[in-house]
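S.K.:
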Amino acid sequence: MTTDQPILEVRGLQKQYGRHVALAGIDLKIAAGELVFVIGPSGSGKSTLLRCLNRLEEPDHGQILFEGQDMSGKKNDLNLLRQRVGMVFQAFNLYPHLTALGNVTLAVRKVLRKSREAADAIGLAALRQVGLVEKAGSYPNELSGGQQQRVGIARALALEPKVVLFDEPTSALDPELVRSVLEVMRDLKRAGMTMVVVSHEMKFAREAADRVIFMAEGAIVEQGPPEEIFSHAREPRTRAFLSQVGA
Amino acid sequence: MDGGAAFVDAFFKPALIARYAPEIVSGVGQTILIASTIVLTGLVLGVTLALIRSLRLPIATVMIVIFADVLRAVPPLVFVLLVYFGLPNVGVTLSAFAVLWLVLSLVLAAFVEEIVWAGITSVAKGQWDAARSTGLNFATTLRDVILPQALRLSIPPLTSRTIAITKNTALGSVIGVPEILNQATSAVSFSGNATPLMMGAIAYVVLFLPVVIFGRWVETRFAWRRA
Chain P
27 MTTDQPILEV
37 RGLQKQYGRH
47 VALAGIDLKI
57 AAGELVFVIG
67 PSGSGKSTLL
77 RCLNRLEEPD
87 HGQILFEGQD
97 MSGKKNDLNL
107 LRQRVGMVFQ
117 AFNLYPHLTA
127 LGNVTLAVRK
137 VLRKSREAAD
147 AIGLAALRQV
157 GLVEKAGSYP
167 NELSGGQQQR
177 VGIARALALE
187 PKVVLFDEPT
197 SALDPELVRS
207 VLEVMRDLKR
217 AGMTMVVVSH
227 EMKFAREAAD
237 RVIFMAEGAI
247 VEQGPPEEIF
257 SHAREPRTRA
267 FLSQVGA
Chain R
11 MDGGAAFVDA
21 FFKPALIARY
31 APEIVSGVGQ
41 TILIASTIVL
51 TGLVLGVTLA
61 LIRSLRLPIA
71 TVMIVIFADV
81 LRAVPPLVFV
91 LLVYFGLPNV
101 GVTLSAFAVL
111 WLVLSLVLAA
121 FVEEIVWAGI
131 TSVAKGQWDA
141 ARSTGLNFAT
151 TLRDVILPQA
161 LRLSIPPLTS
171 RTIAITKNTA
181 LGSVIGVPEI
191 LNQATSAVSF
201 SGNATPLMMG
211 AIAYVVLFLP
221 VVIFGRWVET
231 RFAWRRA
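In structure tokens, the structure reads:
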């Protein structure tokens, strides 16, 4: 599933908070249609990496290239990058004052400048994709955690992104609700969506990921196909982490 | 004269009620006029200041904080007197009505700014993340995502503060604005009887009780939905 040009690439990405080094120079290429899983202990920089990919977090050094185009300059159209690179959050971050459909269509109307009718059609299609079209009129507090997260995914999908970033999408969910979210992610994978996922769902990583990246202390320690990482990790740190999380 | 008759004579003397009713009614009109202009100006200005503060420009922030703190710290009466008696000395003469409107609007704006700003900062950071991650710019994020939630959080304190400030229109009596209290006190000095004051008190009840009840309704109406 690789083309010549990576859809998303970072070069020498560095980020520091005070004296704490969150990212110590990351190089990474992500191919179109690839599902990349990022694992690692907390504080390893995996969420920071994800947040840098659509520049919710501003890296100190390094480049972010989307389809070969440098997106890291100050003068670049950030909002265009964010349209292309959607994000799904651990805490869902749905807008509590808007219905599910309102959550999904806000950016469609304001960023893509669609009429309300056109936006609603797009929004309903996105909700249908995550199996929640019948909840279009519900407010977030009327939905279960799993449903809220699927609305969060629909909100990202409605902008027709080329890449979707998932920041621990299931870790705020009760175990019985995790499956519905993973199911949606599996569908997306089948539809050819490029995805970068930070998660502890090792079982899901094993069966769905094209590549697993193990990060520690702000650096990529090891990466490879899931089979290789989970069963034949070369690095002692990777093996120690995997045995700790019971994978 | 027994006690009951003396009480009625002191506070509810029929002849005086008839004599001063027109004045009190015109005072009610003045109070409604000035209170509504203060509420309008104070809310618009206060929300605007909170929005400017959200830009986090250092100089603007410092100026807004000083403005809000000073106006909230000093009793409004002090400002009313200061502006009314002070400004003419530097060549600016404002009518008593204008002074009362200006001072109380600014005081209300100071409180509104603080309340709305507190509302804005208490909206979860993830809301900004979500909005920005879908390509919404700062202004749209503020208007369509942050402000609706911030205002909802702010409505109970805004309501009680707005009622408190509008009651301060009674300060107009000190500088001669012909509002309720002013009409009542001048009638008292002419008649030597407290009946007009009692009429004024009843006028305030008639005027503000519905507002207080409305405020309570608004508070319960907006208190519930919070995800």
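Top to bottom, those sequences are chains P and R.
Per the working numbering, the first sequence starts with residue 27, numbered consecutively.
Per the working numbering, the second sequence starts with residue 11, numbered consecutively.
For each residue, glycine too, the CB sits at the ideal point set by N, CA and C.
Can you give me the C-alpha to C-alpha distance between residue 224 of chain P and residue 72 of chain P, rounded to a whole angstrom?
M.R.: Here residue 224 of chain P refers to the residue found at position 198 of the first sequence. Here residue 72 of chain P refers to the residue found at position 46 of the first sequence. So the alpha carbons of these two residues sit roughly 7 Å apart.
S.K.: Locate the beta strand (DSSP E) running through residue 138 of chain P, then write down its first and last residues.
M.R.: Taking the first sequence and counting its residues from 1, one reaches residue 138 of chain P at position 112. Segment: none, residue 138 of chain P is in no beta strand (DSSP E) and carries neither H nor E.
S.K.: Is the beta carbon of residue 179 of chain R less than 9 Å from the beta carbon of residue 114 of chain R?
M.R.: By 1-based counting over the second sequence, the position of residue 179 of chain R is 169. By 1-based counting over the second sequence, the position of residue 114 of chain R is 104. Going by C-beta atoms, residue 179 of chain R is nearer than 9 Å to residue 114 of chain R.
S.K.: Helix, strand or coil, according to DSSP, for residue 12 of chain R in the structure here?
M.R.: Here the question's residue 12 of chain R lines up with position 2 in the second sequence. Reduced to three states, the DSSP call for residue 12 of chain R is coil.
S.K.: Please confirm if residue 223 of chain P has its CB atom under 9 Å from at least one CB of chain R.
M.R.: Translated into the one-based positions of the first sequence, residue 223 of chain P becomes position 197. By this cut-off, residue 223 of chain P is not an interface position.
S.K.: Which residues of chain R have a Cβ atom closer than 7 Å to the Cβ of residue 181 of chain P, listed in chain order?
M.R.: On the first sequence, residue 181 of chain P is found 155 positions in, with the first residue counted as 1. Close to residue 181 of chain P, with beta-carbon spacing below 7 Å, are these residues of chain R in chain order: 144.
S.K.: Can you check whether the C-beta of residue 60 of chain R is within less than 9 Å of a C-beta belonging to chain P?
M.R.: As a working note, residue 60 of chain R is residue 50 in the second sequence. Judged by the 9 Å Cβ criterion, residue 60 of chain R is not in contact with chain P.
S.K.: Check each candidate in R:231, R:181, R:174, R:200 and name the one with the smallest Cα separation from residue 219 of chain R.
M.R.: What you label residue 219 of chain R is simply residue 209 of the second sequence in a count that begins at 1. If we check each option's Cα against that of residue 219 of chain R, R:174 comes out closest.
S.K.: Is the segment 223-240 of chain P in contact with the segment 248-262 of chain P, if contact means three or more CB pairs nearer than 8 Å?
M.R.: yes
S.K.: Where does the unbroken beta strand (DSSP E) through residue 54 of chain P begin, and where does it stop?
M.R.: For the purposes of this step, residue 54 of chain P is taken as the residue at position 28 of the first sequence. Looking at the DSSP string, the run of the beta strand (DSSP E) that includes residue 54 of chain P is 46-56.
S.K.: Where residue 200 of chain P and residue 122 of chain P are concerned, what is the direct C-alpha to C-alpha distance, given to the nearest angstrom?
M.R.: Numbered from 1 along the first sequence, position 174 holds the residue referred to as residue 200 of chain P. Numbered from 1 along the first sequence, position 96 holds the residue referred to as residue 122 of chain P. Distance between the alpha carbons of residue 200 of chain P and residue 122 of chain P: 20 Å.
S.K.: Buried or exposed for residue 160 of chain P, please, with buried defined as at least 16 other CB atoms from any protein chain shown within 10 angstroms of its CB.
M.R.: Here residue 160 of chain P refers to the residue found at position 134 when the first sequence is read from its first residue. When all chains shown are included, residue 160 of chain P counts as exposed.
S.K.: By the DSSP assignment, the beta strand (DSSP E) with residue 248 of chain P in it spans what residues?
M.R.: In the first sequence, counting from the first residue as 1, residue 248 of chain P sits at position 222. 245-250 is the extent of the beta strand (DSSP E) around residue 248 of chain P.
S.K.: Please report the straight-line C-alpha distance between residue 230 of chain R and residue 93 of chain P, rounded to a whole angstrom.
M.R.: Working through the second sequence from its first residue, we reach residue 230 of chain R at position 220. Working through the first sequence from its first residue, we reach residue 93 of chain P at position 67. One C-alpha to the other measures close to 52 Å.
S.K.: Any idea if residue 131 of chain R is buried or exposed, counting beta-carbon neighbours within 10 angstroms, 16 or more meaning buried?
M.R.: Counting from 1 along the second sequence, the entry for residue 131 of chain R is found at position 121. For residue 131 of chain R, the number of other beta carbons within 10 angstroms of its own is below 16, and it is reported as exposed.
S.K.: Please report the residue range of the beta strand (DSSP E) in which residue 156 of chain R lies.
M.R.: In the second sequence, counting from the first residue as 1, residue 156 of chain R sits at position 146. Premise fails: residue 156 of chain R is in no beta strand (DSSP E) and is neither H nor E.
S.K.: Can you list, in chain order, the residues of its chain with a C-beta nearer than 7 Å to that of residue 181 of chain P? Leave out the 5 residues immediately preceding and following it.
M.R.: Here residue 181 of chain P corresponds to residue number 155 of the first sequence, with the count starting at 1. Within the same chain, residue 181 of chain P has close Cβ partners 129, 130.
S.K.: Using C-beta distances below 6 Å, list every residue in its chain close to residue 41 of chain P, excluding the 5 sequence neighbours before and after it, in chain order.
M.R.: As a position in the first sequence, residue 41 of chain P is number 15, starting the count at 1. 48, 49, 74, 85, 86.
S.K.: Using the Cβ count rule (16 or more neighbours within 10 Å means buried), how would you classify residue 94 of chain R?
M.R.: Counted from its first residue, the second sequence places residue 94 of chain R at position 84. It is buried - the Cβ of residue 94 of chain R has at least 16 other Cβ atoms within 10 Å.
S.K.: Which residue marks the beginning of the beta strand (DSSP E) containing residue 41 of chain P, and which one marks its end?
M.R.: For the purposes of this step, residue 41 of chain P is identified with residue 15 of the first sequence, where counting begins at 1. That run of the beta strand (DSSP E) goes 34-43.
S.K.: Give me whichever residues DSSP pairs with residue 96 of chain P in a beta bridge.
M.R.: Position 70 of the first sequence, counting from 1, holds the residue named residue 96 of chain P. Answer is P:91.
S.K.: Less than 7 Å between C-beta atoms, sequence neighbours within five positions excluded: which residues of the same chain meet that for residue 62 of chain R?
M.R.: Position 52 of the second sequence, counted from the first residue, corresponds to residue 62 of chain R. Closer than 7 Å at the Cβ level, and outside the excluded window around residue 62 of chain R, lie 70, 74.
S.K.: Can you tell me which of the three DSSP states residue 23 of chain R falls into?
M.R.: Start at 1 with the first residue of the second sequence, and residue 23 of chain R comes out as number 13. Correct three-state label for residue 23 of chain R: coil.
S.K.: Is there contact between the segment 72-92 of chain R and the segment 113-127 of chain R, where contact requires at least three CB pairs shorter than 8 Å?
M.R.: yes
S.K.: Among the residues of its own chain, which have a CB less than 6 Å from the CB of residue 47 of chain R, if the five just before and after it don't count?
M.R.: Sequence index remark: in the second sequence, residue 47 of chain R carries index 37 (1-based). Excluding positions up to five away in sequence, the list reads 111.
S.K.: Return the CA-CA distance between residue 223 of chain R and residue 51 of chain R, expressed in angstroms with no decimal places.
M.R.: Position 213 of the second sequence holds residue 223 of chain R. Position 41 of the second sequence holds residue 51 of chain R. Cα-Cα distance, rounded: 22 Å.
S.K.: To the nearest angstrom, report how far apart residue 17 of chain R and residue 162 of chain R are at their CA atoms.
M.R.: For this step, residue 17 of chain R is matched to residue 7 along the second sequence. For this step, residue 162 of chain R is matched to residue 152 along the second sequence. Distance between the alpha carbons of residue 17 of chain R and residue 162 of chain R is about 47 Å.
S.K.: What does residue 31 of chain R reach in chain C if we use C-beta pairs closer than 7 Å?
M.R.: Note that chain C does not occur in the displayed structure, where the protein chains are P and R.
S.K.: Do you know offhand how far residue 149 of chain P's Cα is from residue 167 of chain P's?
M.R.: The residue given as residue 149 of chain P occupies position 123 in the first sequence. The residue given as residue 167 of chain P occupies position 141 in the first sequence. Their backbone Cα atoms lie some 19 Å apart in a straight line.
S.K.: Between residue 121 of chain P and chain R, is there a C-beta pair that is closer than 9 Å?
M.R.: Here residue 121 of chain P corresponds to residue number 95 of the first sequence, with the count starting at 1. At least one chain R Cβ lies under 9 Å of residue 121 of chain P.
S.K.: Spatial neighbours of residue 60 of chain P within its chain, please: CB distance less than 7 Å, with the 5 preceding and 5 following residues excluded, ordered by chain position.
M.R.: Locating residue 60 of chain P in the first sequence gives position 34, where the first residue counts as 1. For residue 60 of chain P, where only same-chain residues beyond five positions count, the Cβ hits under 7 Å are 27, 220, 236, 237.
S.K.: Just tell me which of R:78, R:213, R:33, R:227 has its CA closest to the CA of residue 239 of chain R.
M.R.: Nothing can be reported for residue 239 of chain R: it is not among the residues displayed for chain R, which extend from 11 to 237.
S.K.: Would the beta-carbon of residue 125 of chain R fall within 9 Å of that of residue 168 of chain R?
M.R.: Numbered from 1 along the second sequence, position 115 holds the residue referred to as residue 125 of chain R. Numbered from 1 along the second sequence, position 158 holds the residue referred to as residue 168 of chain R. Yes.
S.K.: Let's test the definition: count the other Cβ atoms within 10 Å of the Cβ of residue 135 of chain R and tell me whether it reaches 16, buried, or not, exposed.
M.R.: Against the second sequence, residue 135 of chain R aligns to sequence position 125. So residue 135 of chain R ends up on the exposed side.
S.K.: Quick one: is residue 207 of chain P near chain R, going by C-beta distance under 9 Å?
M.R.: On the first sequence, residue 207 of chain P is found 181 positions in, with the first residue counted as 1. No, its Cβ sits nowhere closer than 9 Å to a Cβ of chain R.
S.K.: Nearest-angstrom Cα distance between residue 128 of chain R and residue 43 of chain P?
M.R.: Against the second sequence, residue 128 of chain R aligns to sequence position 118. Against the first sequence, residue 43 of chain P aligns to sequence position 17. Each residue's alpha carbon lies about 26 Å from the other.
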